[in-house]
Structures are given as structure tokens and as C-alpha cells.
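Visitor: Please read through the structure below; I'll follow up with questions.
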Amino acid sequence: MTLKTPLLLLLLFISTTAFANDTLYFRLSNPWNTVKSPTGKYLRKCIKENDYYHCWDYNGNNILVTESFYADTTFGKKLLCHKYFNEIKGFLEQTRCYENGRLHGYFIDYNAKGDTTAYQVYENGAVTKEWSLDTNENVQVFQMIETTAEFPGGRSAWLTYLSENLNYPKALKKQKVSGQVIAKVFVDPTGTVSNVEIVKSLHPLLDEEVIRVLKNSPKWKPAMQNGKTVQMTFNQSVTF
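Numbering-wise (numbering that gives the first Met the number 0), the sequence shown opens with residue 0 and increments by one.
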């Protein structure tokens, strides 16, 4: 009996260790907005680390498309810095940092060479600083905003505006194209969305729909710098 007890304890220890290091897998139709689907073409692999889940998403070609961190497996609260990779070539396209589900810290765009093409610094979901590379003139522009531009009603009203006005193109319903479009939005000193540039394209028709809705936005409360209204840019992601 005394010989069996240590063996039993050892087996219990091994069993507990294996359970603690379990890897969880989820099928997703959309990794950028975490849409779970048993027939999804993306596979999410998650490992529990400390008090959060560390996850990696792969497409059908086994290419890593995102690396992310969440508070739990509902994936509702994003944590730490998430990385987004090009689905075809696999290079890092974007890094976004979060705190308690909100953008907080750096939001960085990269080109295929690994160079930083733009970044924004967020504080509790609001842009406090930004930098971008003008590829036409090869001029770097740095801007610090004292007061960021604000949509009437705040962030929740902005998200409601997007969800109520974005329409999936009928021509693509059979193809069921899904993924993420990222657009750079320019809010001029009058509060008007003066320009929209696609940073990450998904499909020409989806890109056009994002541009249409963003350009038709109601006027914003403009950004302020040194007591004057100034232009502000920010990146907006839209998931289909």
C-alpha cells in the first residue's frame, strides 16, 4: 500500500499538468472579429497563460494570420498587443495594442519590407499622437493632437452609424467573401471626412462600400491643437 500511494500521486500530478497545458482549438469564419463557425476556414489555437489566453489563427493554407490575447474564450475582451499578418505572403502588416478591450498604446502599419509606414498612439481608445509616411513625396509627417476629433455621440454612436449603414454587396453574396478592410480616415479642420484611403484591401466592392459609408459620415467635432482646429487621421477597421 505504501508503494502504490506515491505512484498514485505521481499519476495525479501528470494528469493535472496535462490538463493545465491543454491547447484549445476553435473554427472561425472571421479571425479579425472572432466569428466562430464549425465550417470556418480559419483555425484558432489557444493556450492559457497566467490570467489570459494566448491565441494564434491560421488560414486554410496553414499561414499564420493573427496572434492575439484575450481575457477568456468568449474573445470579447482583447488584451496586450495583437499582430496581423498578410494572408498570402505571411509578413507582419499591423500591430494593435489593447488594454481591457480598448485600443491603448501603439497601432502600427508595416509594408512588405518590414518598414513602419504609419502609427498612432491610443489612450483608452482615443488617438493622442500619430505619424505617417507620405509615399508620394517621401516626407514623414508627425502630429500631436491635444484634443482628438469626436463623432457626435461618441465612439458608441460611431460604431452604430457604421453597423447601420454598411451593406454587403449583392454581387458578392454567392462568393461569401469575408475578412477585414482597414481604411485611413481624414477628418479636416471643419470636422468633415475629407478623404478616405484603403490601407488593407479585401475586395474592390467591399473597399468601395467602406469608402462610401466613411465619406458620408456626419460632421465630427474637429481635433484641436494649440487652440486651433486641425486635421486628424485615424485608421478604421471594418469586418465583413
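Even glycine gets a Cβ: it sits at the ideal position worked out from N, Cα and C.
Going by DSSP, what residue range makes up the beta strand (DSSP E) through S216?
Guide: From DSSP, S216 is part of no beta strand (DSSP E); its letter is neither H nor E.
Visitor: Would you check if the segment 229 to 239 and the segment 174 to 184 touch, i.e. whether three or more CB-CB distances between them fall below 8 Å?
Guide: Verdict: yes, contact present.
Visitor: Would you mind giving the Cβ-Cβ distance between Y41 and N58, rounded to the nearest angstrom? I have them listed as a contact below 8 Å.
Guide: Confirmed, Cβ separation roughly 6 Å.
Visitor: Cutting at 7 Å between CB atoms, please list the residues of its own chain near P30, excluding the five before and the five after it.
Guide: Counting only Cβ-Cβ distances below 7 Å, and skipping sequence neighbours, we find Y41, R43, D56, V64 and T65.
Visitor: Leaving out the 5 sequence neighbours to the left and right, which residues in its chain are closer than 7 Å to P188 when beta-carbon positions are compared?
Guide: Answer for P188: P221, T228, V229 and Q230, listed in chain order.
Visitor: Quick one, are the C-beta atoms of L161 and V212 less than 9 Å apart?
Guide: Taking 9 Å as the Cβ cut-off, L161 and V212 qualify as a contacting pair.
Visitor: Which runs of the alpha helix (DSSP H), 4 residues or longer, sit entirely within the segment 81 to 164?
Guide: List check, alpha helix (DSSP H) in window: 154 to 164.
Visitor: Identify the continuous beta strand (DSSP E) that holds K183 and give its terminal residues.
Guide: Its beta strand (DSSP E) spans residues Q179 to V186.
Visitor: Measuring CB to CB, does Q224 end up less than 9 Å from T127?
Guide: No, Cβ-Cβ distance for Q224 and T127 is not below 9 Å.
Visitor: Of the choices E98, F90 and Y83, whose alpha-carbon is the least far from that of G75?
Guide: The residue with the shortest Cα to Cα distance from G75 is E98.
Visitor: Within a Cβ cutoff of 6 Å, which residues of the same chain sit near S67, ignoring the five residues on either side of it in sequence?
Guide: Once the five neighbours on either side are set aside, the close Cβ partners of S67 are C54 and H81.
Visitor: First and last residue of the beta strand (DSSP E) that includes Y51?
Guide: That run of the beta strand (DSSP E) goes Y51 to Y57.
Visitor: Count the other C-beta atoms from every protein chain shown that fall within 10 angstroms of the C-beta of Q119, then say buried if there are 16 or more, exposed otherwise.
Guide: Classification for Q119: buried.
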